[in-house]
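*Asks:* Residue numbers (my numbering), protein chains in the order written: chain A, 13 to 146; chain B, 13 to 146.
There are 2 protein chains.
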Amino acid sequence: MNEYSATKQLARANRAFYEAFEALDLDAMAAVWATDAVVRCVHPGASMLHGRERVLASWRDIFQATDAIRFELVDLEMELHGELACVHLVERITTTAEGAEQVGEAVATNLFARQDGAWRLLLHHASPLARRLE
Amino acid sequence: MNEYSATKQLARANRAFYEAFEALDLDAMAAVWATDAVVRCVHPGASMLHGRERVLASWRDIFQATDAIRFELVDLEMELHGELACVHLVERITTTAEGAEQVGEAVATNLFARQDGAWRLLLHHASPLARRLE
């Protein structure tokens, strides 16, 4: 695969992650993550979760606790490193729970690995964005 | 290089990062980071910094504002992916500034790339550890 195709597929895989999150769709979220490696996930402010079972359980809990969530993805950058790729971005997050809308920002590192020709998520590390550095 | 040697060298490179931090030694810190790629750094709660110049400037600022810092590294895991490698860990941090000691924890993803036979840091993403998930 050439780099242009790989980058396009990477962008699509990254989008699929946020679309699954917005849809609160656990099957779609499960399809995003790698199945042939230990996956890891850090939700903002939380400890690191290991393994598909615990990671997907955390998404189930988040989806159950969320009425609606929307992402605006900004400052997105992609880095290809052969069979691995990193997507870095800022998530502008609007959530609705019990009728109240909340807005926040997180910095995310999404590490993908190529599995069976498709980019699958190995690591999502999100951290609260509380201060902007120059 | 076999995987055992690569893992040992990776552990050493990761240790060198924290040793440079504890020593508040900017030259040692500069030597840890890759020179042949765009490097990125997320300090806990902060935005993502890009490029050696801005990343090293942030370390200079941190070193100037710090009297002493000590790390205990726990839950450390290493993943080799050919010419890239990830180190995941929890940083137990004790800082002293203006005579007062503070203790905190951060979750870190350290992504290394092999450059000229040595592991060099591409990305340090640290996030505050405020809640432990099961």
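Positions of the beta carbon are idealized from the N, C-alpha and C atoms, including for glycine.
Quick check on the burial criterion: 16 or more other C-beta atoms within 10 angstroms. Buried or exposed for A:Glu-89?
*Replies:* When all chains shown are included, A:Glu-89 counts as exposed.
*Asks:* Out of curiosity, what's the CA-to-CA distance linking B:Thr-121 and B:Arg-27?
*Replies:* So the alpha carbons of these two residues sit roughly 13 angstroms apart.
*Asks:* What in chain B is Cβ-close to A:Val-150, meaning under 7 angstroms?
*Replies:* Nothing about residue 150 of chain A can be read from this structure; chain A reaches only from 13 to 146.
*Asks:* How would you call B:Val-86, buried or exposed, if buried means at least 16 neighbouring beta carbons within 10 angstroms?
*Replies:* By the 10 Å Cβ count, B:Val-86 comes out exposed.
*Asks:* What span of residues does the alpha helix (DSSP H) with A:Thr-47 cover, start to end?
*Replies:* Per DSSP, A:Thr-47 belongs to no alpha helix (DSSP H) and is neither H nor E.
*Asks:* Should A:Ser-17 be labelled buried (16 or more other beta-carbon atoms within 10 Å of its own) or exposed?
*Replies:* Its Cβ having fewer than 16 others within 10 Å, A:Ser-17 is exposed.
*Asks:* Since A:Leu-36 meets chain B, which of its residues come closer than 7 angstroms, beta carbon to beta carbon?
*Replies:* Near A:Leu-36 there are no residues of chain B at all, since even the closest Cβ is about 19 angstroms away, more than 7 angstroms.
*Asks:* Just curious, the beta strand (DSSP E) that B:Asp-132 is in, first and last residue?
*Replies:* Note on residue identity: the sequence assigns Arg, not Asp, to residue 132 of chain B. Here the beta strand (DSSP E) through B:Arg-132 covers 130-140.
*Asks:* Note down, in chain order, all residues in the segment 91-106 of chain B with a beta-carbon under 8 angstroms from any beta-carbon belonging to chain A.
*Replies:* Those would be Glu-91, His-93, Gly-94, Glu-95, Leu-96, Cys-98, His-100 and Val-102, in chain order.
*Asks:* Shortest alpha-carbon distance to A:Phe-124 belongs to which of A:Thr-47, A:Leu-36 and A:Ala-40?
*Replies:* For A:Phe-124, the nearest C-alpha among the options comes from A:Thr-47.
*Asks:* Rounded to whole angstroms, what's the CA-CA distance from B:Ala-77 to A:Leu-92? Just pull it up for me.
*Replies:* For B:Ala-77 and A:Leu-92, the distance between alpha carbons rounds to 35 angstroms.
*Asks:* Considering only C-alpha positions, which residue in the set B:Arg-126, B:Ile-105 and B:Ser-59 is nearest to B:Ala-49?
*Replies:* Closest by alpha carbon: B:Arg-126.
*Asks:* Name the chain A residues whose beta carbon is nearer than 7 angstroms to that of B:Met-60?
*Replies:* The contacting residues are His-100 and Val-119.
*Asks:* Using 8 angstroms as the cut-off, can you tell me whether the segment 35-44 of chain B makes contact with the segment 94-110 of chain B, which would need three or more C-beta pairs spanning the two stretches below that distance?
*Replies:* In short, these stretches do not touch, since the Cβ pair count stays below three.
*Asks:* Examine chain A for any beta-carbon lying closer than 9 angstroms to the beta-carbon of B:Glu-31, and answer yes or no.
*Replies:* It does not; no Cβ of chain A falls within 9 angstroms.
*Asks:* Who are the neighbours of B:Gly-57 on chain A, taking C-beta pairs under 8 angstroms?
*Replies:* Ser-139, Pro-140, Leu-141, Ala-142 and Arg-143, listed in chain order.
*Asks:* Bridge partners for A:His-62 per DSSP, in chain order?
*Replies:* For A:His-62, which the question treats as bridged, DSSP gives the partners A:Arg-52.
*Asks:* Taking 9 angstroms as the threshold (beta carbon to beta carbon), is A:Asp-171 in contact with chain B?
*Replies:* Residue 171 of chain A lies beyond the residue range present for chain A, which begins at 13 and ends at 146; the question has no answer from this structure.
*Asks:* So for B:Arg-143, helix, strand or coil by DSSP?
*Replies:* Looking at B:Arg-143 - three-state DSSP - the assignment turns out to be strand.
*Asks:* Spatial neighbours of A:Glu-34 within its chain, please: C-beta separation below 7 angstroms, excluding the five flanking residues on both sides.
*Replies:* The residues are Ile-81, Arg-82 and Phe-83.
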